[in-house]
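Undergrad: Residue numbers (the numbering used here): 51 to 173.
Glycine included, every Cβ here is placed at the ideal spot set by N, Cα and C.
Remember, it's a predicted structure, so these values are computed and weren't measured experimentally.
Okay, handing you the structure first.
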């Protein structure tokens, strides 16, 4: 899987869809690049999470998650995983479940989701 490296790529992803989970925030944006290259993913952890070793540990955990579920990432999207402090202590199995749910939710068509909400509110 390719990695996002340039600031502009991260900023573009920030304008896309966003799913917040306990251990991370997942951002996704469709890209116009060649789909044969597959999805690109970037990792970021702010200083608010902790000192450098803690931030590096969170990034390592996020990279391990992404490697494990590489086939679940849509090749037409670029992703950014933003590490949160809870990712340091949350069990890896919980992070896995969160990532699977986040990936499923981020690709749900927004119009379909809004129609479902409308049907629930009318009932």
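Specify, as a first and last residue, the run of the beta strand (DSSP E) that residue 120 falls within.
TA: Per DSSP, residue 120 belongs to no beta strand (DSSP E) and is neither H nor E.
Undergrad: For residue 94 versus residue 130, is the C-beta spacing smaller than 8 Å?
TA: Yes.
Undergrad: I need the DSSP call for residue 145, collapsed to helix, strand or coil.
TA: Note: residue 145 maps to helix in three-state DSSP.
Undergrad: Does DSSP put residue 67 in a helix, a strand or coil?
TA: If DSSP states are grouped into helix, strand and coil, residue 67 belongs with the strands.
Undergrad: For residue 78, report the span of its beta strand (DSSP E) as first-last.
TA: Residue 78 -> beta strand (DSSP E) spans 74-80.
Undergrad: Are the region 102-115 and the region 57-69 touching by the rule of at least three beta carbon pairs closer than 8 Å?
TA: These segments do not touch.
Undergrad: Return the CA-CA distance between residue 98 and residue 148, expressed in angstroms with no decimal places.
TA: So the two alpha carbons sit approximately 22 Å from each other.
Undergrad: So, helix, strand or coil for residue 138, using DSSP?
TA: DSSP places residue 138 in helix when its eight states are reduced to three.
Undergrad: Looking at the structure shown, is residue 106 part of a helix, part of a strand, or coil, going by DSSP?
TA: Helix.
Undergrad: State buried or exposed for residue 128, treating a residue as buried only when at least 16 other CB atoms are found within 10 Å of its CB.
TA: The residue is buried, with at least 16 neighbouring Cβ atoms inside 10 Å.
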